[in-house]
């Protein structure tokens, strides 16, 4: 542990109230020997205070934080972000030793207690760091005292803008665009539409997922959350924290990635850059070469540098080479093992979008086609190419509507799950908190006292062949106010064997935040007076119909049969669906279908 790390550990313990007398003596000796530690102490105290406010749930304290931040903000917010990010990792190293048994899940906030005080886990620190960046951006936006242009964190309109050198020379407008997104979530805003232009010099806080940014000359960068990034020019991306994978084909040589401590310049290559909370930067060259320079001021300017003047050349990395770069007291470069897995060739396989017929209000009615990525290849499939399903077993969640329709029920009623409509389906199937580990019971003799397994069994009209990426698509109805990521559900084999397992879907490919999740036309729901414990009950029990509302969207997710343990090329005849019972909301499937095999698509 070097001096700065030792000081950070002691100072964090002091701020948390856990420093003993021996530690206090050691802390005084370190400060006496190095005056620069006084500034680090002040920075860490401010960071410690800000992180406590971000994690605090009280809106009053958060509002006060914004007001205080506005009065203390430096004119260059980039340097502030850099300082906060660096201090966070130092604090995380201290808290990690006392919170090994604490866990942070996507749906809960858990505090580890130490000496009666709250200690932030590394995951909470990273999330809080991103929140600080976003709140700082908001504070700059609302501050009337700032001369810089506002940073609108909720702006969906992103027209091309011009950024030129300080002397005012005209340059081409910046036209970097969001080429694609996968499971992406941004702090404080809806997802930007695909092909929308990024606002130059604006911080984008990617909380999770992936985005691909395409630049005019042909370069592209895939960013993985959590990440904070911005576009500085048509040839330059700034990355404060997170990971990115860059492809710069012929014609886009010289593309740059600016980090707090380095400038990585493409020399005809594929490379990956990873920036930690301490600004430590890892560079891995997959193909070609890249030159890495030291940032002269340990910060990333918001104005693009036009050449490499004023920066010290450090190293040229070639294919299958990797180094890590730091600037803690002094700049250093160290070799590290090459890891080709650090580079993302593309975004994950998923459902990308879909097309529909519409009513007079623009609401979606029937699915007409779906766009999916399978094995890295984007495919457009007409709905007629999909493999329909038949519901063979069903138990409904008590007290809920169990059928969605366009106003008229077919005979038999279960056919609402076999058509192309996003308005119709057997909804609110029963479920279980724990996914299945044995065969579901989908039929029982009349004389038996056994009961069906809660949920819904489906059979494909023809077997689905397991291949790369999603093999089955699943649509559900979801309303604003319900879980934006979609209602979780378990999907299980109809017959288990060694190697097969259940799989739980928790986040959909197209969520309520996705522009591609379309509004569904008004539909009807059918409420049943008694329990529905079988398909026979569903077909014969009395029900009441009413409008289901007009604020619903069609969410979609792909199911990869490999996640259930099926081998590549294996044929699957059916699946079992259960609500995950993780909250008071239930899954509402309105369209399920198998995808044709990749060979069938290629041969068409």
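Numbering (this note's numbering), first residue to last: 174 to 777.
Using N, Cα and C, we set each Cβ at its ideal position, and we do this for glycine too.
Strand pairing of residue i, partner residues [DSSP]
{"i": "residue 705", "result": "Note: residue 705 sits in no beta bridge, so no partner."}
{"i": "residue 699", "result": "576, 718"}
{"i": "residue 554", "result": "543"}
{"i": "residue 491", "result": "462"}
{"i": "residue 600", "result": "Answer is none; residue 600 lacks a bridge partner."}
{"i": "residue 633", "result": "562"}
{"i": "residue 132", "result": "With the chain running from 174 to 777 in the structure shown, residue 132 is simply not present."}
{"i": "residue 395", "result": "385, 418"}
{"i": "residue 790", "result": "Because the chain is modelled from 174 through 777, residue 790 falls outside the range shown and cannot be assessed."}
{"i": "residue 655", "result": "653"}
{"i": "residue 354", "result": "384"}
{"i": "residue 570", "result": "Bridge partners of residue 570: none, in fact."}
{"i": "residue 665", "result": "749"}
{"i": "residue 536", "result": "Beta-bridge pairing links residue 536 to no other residue."}
{"i": "residue 677", "result": "663"}
{"i": "residue 457", "result": "445, 495"}
{"i": "residue 727", "result": "650"}
{"i": "residue 606", "result": "Residue 606 is not bridged to any residue."}
For residue j and residue i, believed in contact at Cβ under 8 Å, the rounded distance
{"i": "residue 726", "j": "residue 685", "result": "6 Å"}
{"i": "residue 647", "j": "residue 732", "result": "6 Å"}
{"i": "residue 534", "j": "residue 498", "result": "Residue 534 to residue 498, Cβ: 55 Å. No contact."}
{"i": "residue 728", "j": "residue 651", "result": "5 Å"}
{"i": "residue 575", "j": "residue 600", "result": "6 Å"}
{"i": "residue 446", "j": "residue 412", "result": "6 Å"}
{"i": "residue 463", "j": "residue 432", "result": "The Cβ separation is near 13 Å, so there is no contact."}
{"i": "residue 438", "j": "residue 427", "result": "6 Å"}
{"i": "residue 386", "j": "residue 349", "result": "6 Å"}
{"i": "residue 414", "j": "residue 370", "result": "So it is not a contact: roughly 23 Å between Cβ atoms."}
Reduced DSSP secondary structure (H/G/I, E/B, other) of residue i
{"i": "residue 451", "result": "coil"}
{"i": "residue 542", "result": "strand"}
{"i": "residue 441", "result": "coil"}
{"i": "residue 563", "result": "strand"}
{"i": "residue 761", "result": "coil"}
{"i": "residue 196", "result": "helix"}
{"i": "residue 776", "result": "helix"}
{"i": "residue 180", "result": "helix"}
{"i": "residue 513", "result": "helix"}
{"i": "residue 735", "result": "helix"}
{"i": "residue 750", "result": "strand"}
{"i": "residue 506", "result": "strand"}
{"i": "residue 431", "result": "strand"}
{"i": "residue 649", "result": "strand"}
{"i": "residue 187", "result": "helix"}
{"i": "residue 264", "result": "Low confidence applies here, because residue 264 scores a pLDDT of 41, under 50, leaving its location unreliable and the question unanswered by this model."}
{"i": "residue 220", "result": "Residue placement at residue 220 cannot be trusted, given a pLDDT of 46 that sits under 50; what the coordinates show is reported in the next sentence. Residue state, collapsed to three classes: helix."}
{"i": "residue 270", "result": "Reliability fails at residue 270, whose pLDDT of 40 lies under 50, so the model's placement of it is uncertain and the value that follows must be treated cautiously. Three-state result, residue 270: coil."}
{"i": "residue 611", "result": "coil"}
{"i": "residue 755", "result": "coil"}
{"i": "residue 528", "result": "strand"}
{"i": "residue 590", "result": "helix"}
{"i": "residue 683", "result": "strand"}
{"i": "residue 368", "result": "coil"}
{"i": "residue 413", "result": "strand"}
{"i": "residue 234", "result": "Legend: pLDDT at residue 234 = 46, less than 50; position of this residue unreliable, value from coordinates given subsequently. It is helical."}
{"i": "residue 623", "result": "coil"}
{"i": "residue 766", "result": "strand"}
{"i": "residue 203", "result": "helix"}
{"i": "residue 711", "result": "helix"}
Residue i burial status per 10 Å Cβ neighbour count (16 or more: buried)
{"i": "residue 116", "result": "The shown model of the chain, from 174 to 777, leaves out residue 116, and the question about it has no answer."}
{"i": "residue 798", "result": "Because the chain spans 174 through 777 in this model, residue 798 falls outside it and cannot be assessed."}
{"i": "residue 406", "result": "buried"}
{"i": "residue 626", "result": "buried"}
{"i": "residue 512", "result": "exposed"}
{"i": "residue 356", "result": "buried"}
{"i": "residue 435", "result": "buried"}
{"i": "residue 723", "result": "exposed"}
{"i": "residue 675", "result": "buried"}
{"i": "residue 429", "result": "buried"}
- Query: Are there three or more Cβ pairs, one per stretch, closer than 8 Å when the stretch 680-690 is compared with the stretch 703-717?
  - Reply: no
- Message: Across the stretch 555-565 and the stretch 619-636, are there enough close Cβ pairs to call them in contact, namely three or more that are closer than 8 Å?
- Response: yes
- Item | Contact the stretch 769-776 vs the stretch 685-701: 3+ CB pairs below 8 Å | no
- Is the number of C-beta pairs between the stretch 692-706 and the stretch 486-500 that are closer than 8 Å three or more? no
- Item | Sufficient close CB pairs (3 or more, under 8 Å) joining the stretch 535-549 to the stretch 659-673 | no
- Message: Any contact between the stretch 746-763 and the stretch 666-673? By contact I mean 3 or more CB pairs, one from each, below 8 Å.
- Response: yes
- Task: Pair every Cβ in the stretch 352-371 with every Cβ in the stretch 383-397, then say whether three or more of these pairs are closer than 8 Å.
- Result: yes
- Query: Looking at C-beta atoms only, is the number of pairs between the stretch 564-583 and the stretch 693-701 that lie closer than 8 Å three or more?
  - Reply: yes
- Kindly confirm or deny that the stretch 653-660 and the stretch 750-766 touch, where touching means at least three C-beta pairs closer than 8 Å. yes
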